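Colleague:
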Amino acid sequence: MQTILGMVLRHKKGEPIGVTSVCSAHPLVIEATLRHSIKTGQPLALIEATSNQVNQDGGYTGMVPVDFRDFVHAIAAKVGFPLERLVLGGDHLGPNAWTMLNSSEAMAKAEIMVADYVRAGFRKIHLDCSMSCADDPVPLPEAVIAERAARLCRAAEGAFDGGAGDAPVYVIGTEVPVPGGAAEDLEELAVTAPDAALATIDMHRGLFRESGLENAWDRVIATVVQPGVEFDHDKVVDYRPERARALSEAIETVDRLVFEAHSTDYQTPQALASLVRDHFAILKVGPGVTFALREALWALDAIEAETVAPERRARLRDVSIARMRAEPKNWRKYYHDRGDALTLQLQFSLSDRIRYYWPDPEIAAAQEQLFANLRETPPPLALVSQYLPLAYAAVRSGEQSFDPADLVMAHIAATLDAYHGACHPNG
Numbered sequence: 133m134q135t136i137l138g139m140v141l142r143h144k145k146g147e148p149i150g151v152t153s154v155c156s157a158h159p160l161v162i163e164a165t166l167r168h169s170i171k172t173g174q175p176l177a178l179i180e181a182t183s184n185q186v187n188q189d190g191g192y193t194g195m196v197p198v199d200f201r202d203f204v205h206a207i208a209a210k211v212g213f214p215l216e217r218l219v220l221g222g223d224h225l226g227p228n229a230w231t232m233l234n235s236s237e238a239m240a241k242a243e244i245m246v247a248d249y250v251r252a253g254f255r256k257i258h259l260d261c262s263m264s265c266a267d268d269p270v271p272l273p274e275a276v277i278a279e280r281a282a283r284l285c286r287a288a289e290g291a292f293d294g295g296a297g298d299a300p301v302y303v304i305g306t307e308v309p310v311p312g313g314a315a316e317d318l319e320e321l322a323v324t325a326p327d328a329a330l331a332t333i334d335m336h337r338g339l340f341r342e343s344g345l346e347n348a349w350d351r352v353i354a355t356v357v358q359p360g361v362e363f364d365h366d367k368v369v370d371y372r373p374e375r376a377r378a379l380s381e382a383i384e385t386v387d388r389l390v391f392e393a394h395s396t397d398y399q400t401p402q403a404l405a406s407l408v409r410d411h412f413a414i415l416k417v418g419p420g421v422t423f424a425l426r427e428a429l430w431a432l433d434a435i436e437a438e439t440v441a442p443e444r445r446a447r448l449r450d451v452s453i454a455r456m457r458a459e460p461k462n463w464r465k466y467y468h469d470r471g472d473a474l475t476l477q478l479q480f481s482l483s484d485r486i487r488y489y490w491p492d493p494e495i496a497a498a499q500e501q502l503f504a505n506l507r508e509t510p511p512p513l514a515l516v517s518q519y520l521p522l523a524y525a526a527v528r529s530g531e532q533s534f535d536p537a538d539l540v541m542a543h544i545a546a547t548l549d550a551y552h553g554a555c556h557p558n559g
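Per the working numbering, residue 133 is the first one in the sequence shown, and the count goes up by one each step.
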């Protein structure tokens with residue numbers, strides 16, 4: 133944790149540096165992230181799981197926290213990434229997965245989840261109790277949000293049994309809209325008011341201290357606010373520094389804290405750099421990297437159609453869409469079009485709800501068959517250039533092979549390049 137704490141301290145002293153937080157449970161995304169970190173010489177790789185991906189009930193990945201830890205550690209061992217440079221984080225840890233329950237039940241489950249995360253070795257913990265449960269008012273009062281966050285922090289601290297240098301660091305607050313991209317169309321977002329951001333910090337600070345969590349408060353490194361960035365199905369709200377200037381200046385008065393920016397997916401490299409400069413020093417990306425994953429897989433599907441006999445084709449794209457239609461629970465509340473418009477949303481929405489389906493056994497089997505086909509019949513250079521020009525550049529420079537997994541990771545790495553440039557502008 134000293135690396136993250138040191139980064140925050142350097143930023144507070146005036147260095148325009150930040151850290152990228154990759155929030156994904158897909159093995160190719162995680163491997164691409166670790167390989168990219170090795171290539172660029174980053175001091176750490178921060179990989180986060182969300183409360184709906186990974187929890188004591190399994191989440192949509194089927195993994196509990198210790199499973200996710202072992203899963204990421206195995207990938208790190210495969211690529212030779214040193215574990216001392218790997219930080220695991222928990223995103224939106226709170227009652228989000230159980231809001232259909234009354235608050236007492238939901239918070240009891242959230243306490244178990246947070247403790248399980250800490251015991252499994254997750255050391256960056258985002259305490260987010262902003263969502264209303266079945267018996268709560270909407271919206272939830274700020275004081276209730278902060279009191280519940282302190283309660284979860286107490287559970288996290290109670291679960292930690294290591295040395296002081298390895299103690300968890302915390303992030304408070306939440307962004308609007310809800311995690312994972314907006315469900316409805318966007319026009320323009322309201323930037324968090326500076327007074328509101330400072331009040332959130334003050335409210336949490338007071339309740340942490342009342343709860344005997346002074347030591348834990350000293351390890352709160354960031355608060356999540358809305359800097360005016362978001363995306364929905366087919367639009368991106370770009371960062372406009374002038375709209376967030378007062379908010380940016382407000383955090384300069386707060387010792388040890390920076391802002392954490394969520395939903396930075398699809399921002400331009402220039403916008404990402406401006407965010408870091410303006411003290412949004414922790415940049416979260418999730419759908420942006422899984423969207424790149426899906427782009428690459430669809431490109432490989434197209435290459436397969438050009439090079440592999442029809443009876444041998446995996447038809448990953450067709451299998452994936454069929455499984456999404458057969459099991460709509462993970463996209464039904466987000467996608468509302470019909471017919472061809474729905475087909476487009478299922479595949480190409482920027483909110484990328486297809487990411488919930490990659491662990492599906494039929495889809496996973498189709499992906500494995502696609503890769504096997506392209507290993508048996510390697511794609512010609514011209515087709516890589518046609519369908520995966522970013523990976524083509526990596527192949528031509530000698531950085532990647534023609535292996536389909538390498539081509540996918542090269543495409544993902546192009547997204548990570550923009551984040552690295554923003555967080556490490558001086559190299």
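For every residue, glycine included, the Cβ atom is placed at its ideal position computed from N, Cα and C. Treat the numbers as computed from the prediction; the structure is a model and nothing was measured.
Around the Cβ of Met232, are there at least 16 other Cβ atoms within 10 angstroms (buried) or fewer (exposed)?
Modeller: Exposed, by the Cβ-count rule.
Colleague: If we ignore side chains and look at the alpha-carbon of each, how far apart do Val211 and Val246 end up?
Modeller: 29 Å
Colleague: What residue range is occupied by the uninterrupted beta strand (DSSP E) comprising Gly305?
Modeller: Val301 to Gly305
Colleague: Between Leu432 and Glu384, what straight-line distance do the alpha-carbon atoms span, to the nearest angstrom?
Modeller: 47 Å
Colleague: Thinking C-beta only, is Val451 closer than 8 Å to Glu494?
Modeller: yes
Colleague: Give me the DSSP bridge partner(s) of Cys155.
Modeller: Glu180
Colleague: Decide if His468 is buried, meaning its Cβ has at least 16 other Cβ atoms within 10 Å, or exposed.
Modeller: Exposed is the call here.
Colleague: Taking the continuous beta strand (DSSP E) assigned at Ala454, which residues delimit it?
Modeller: Taken as a continuous stretch (DSSP letters only), Ala454 belongs to no beta strand (DSSP E), being part of the alpha helix (DSSP H) at Leu448 to Ala458.
Colleague: Tell me the DSSP bridge mates of Leu415?
Modeller: Thr152 and Ala393
Colleague: If we count Cβ pairs, one from each stretch, closer than 8 Å, do we get three or more for the region 542-551 versus the region 163-173?
Modeller: yes
Colleague: Mind listing, in chain order, the continuous beta strand (DSSP E) runs of no fewer than 3 residues lying wholly within the region 227-284?
Modeller: 256-259
Colleague: To the nearest angstrom, how far is it from the Cα of Ser183 to the Cα of Asp248?
Modeller: Near 11 Å, if we compare the C-alpha coordinates of Asp248 and Ser183.
Colleague: Which of the three DSSP states, helix, strand or coil, is assigned to Ala504?
Modeller: helix
Colleague: Drop a sphere of 10 angstroms on the beta-carbon of Gly253, count the other beta-carbons inside from all chains shown, and report buried for 16 or more, exposed for fewer.
Modeller: buried
Colleague: For Ala291, which three-state DSSP category applies?
Modeller: helix
Colleague: By how many angstroms is the C-alpha of Glu438 removed from the C-alpha of Arg188?
Modeller: Note that residue 188 is Gln in the sequence shown, not Arg. One C-alpha to the other measures close to 44 Å.
Colleague: Identify, in the order they occur along the chain, each residue of the same chain with its Cβ nearer than 7 Å to the Cβ of Asp267, setting aside the five sequence neighbours on each side.
Modeller: Asn234 and Ser235
Colleague: What does the alpha-carbon distance come out to for the pair Asp366 and Ser156?
Modeller: 21 Å
Colleague: Looking only at DSSP bridge pairs, what is Met335 linked to?
Modeller: The partner list for Met335 (beta bridge, DSSP) is empty, contrary to what the question assumes.
Colleague: The beta strand (DSSP E) spanning Thr355 covers which residue range?
Modeller: Val352 to Val357
Colleague: Between the Cα of Pro197 and those of Ile207, Ala208 and Gln185, spot the shortest distance and give me the residue it belongs to.
Modeller: Gln185
Colleague: Would you call the region 134-145 in contact with the region 399-418, where contact means no fewer than 3 C-beta pairs closer than 8 Å?
Modeller: yes
Colleague: Look at the alpha carbon of Ala424 and the alpha carbon of Gln402, and state the distance between them as a whole number of angstroms.
Modeller: 19 Å
Colleague: How would you label Arg485, buried or exposed, when you count the other beta carbons within 10 angstroms and need 16 or more for buried?
Modeller: Arg485 comes out buried.
Colleague: Starting from the Cα of Ala376, find the closest Cα among Ile435, Val408 and Ala434 and give me that residue.
Modeller: Val408
Colleague: Find the nearest neighbour of Phe213 within the set Val154, Glu381, Pro175 and Val421, judged by alpha-carbon distance.
Modeller: Pro175
Colleague: Tell me whether Lys465 is buried or exposed, calling it buried when 16 or more other Cβ atoms sit within 10 Å of its Cβ.
Modeller: exposed
Colleague: Determine the contact status of Val390 and His143, defining contact as a CB-CB distance below 8 Å.
Modeller: yes
Colleague: Are Val421 and Val154 close, meaning C-beta to C-beta below 8 Å?
Modeller: yes
Colleague: Please report the Cβ distance between Ala242 and Gly226, rounded to the nearest whole angstrom; I am assuming they are in contact, meaning their Cβ atoms lie under 8 Å.
Modeller: 5 Å
Colleague: Hey, would you say Pro419 sits closer than 8 Å to Ser343, going by beta carbons?
Modeller: no
Colleague: Tell me the DSSP secondary structure of Gly553 in three-state form.
Modeller: helix
Colleague: Leaving aside the five residues before and after Gly180 along the sequence, list all residues of the same chain whose C-beta is less than 6 Å from its C-beta, in chain order.
Modeller: Residue 180 is actually Glu in this sequence, not Gly. Correct list, in chain order: Ser153, Cys155, Gly221 and Asp223.
Colleague: Buried or exposed: which applies to Thr400, given that a residue is buried once 16 or more other Cβ atoms fall within 10 Å of its Cβ?
Modeller: Residue burial is scored here from C-beta neighbours: Thr400 has fewer than 16 other C-beta atoms within 10 angstroms and is therefore classed as exposed.
Colleague: Count the other CB atoms, across all protein chains shown, that sit within 10 Å of the CB of Val270; report buried if there are 16 or more and exposed otherwise.
Modeller: exposed
Colleague: If we ignore side chains and look at the alpha-carbon of each, how far apart do Ala504 and Ile304 end up?
Modeller: 44 Å
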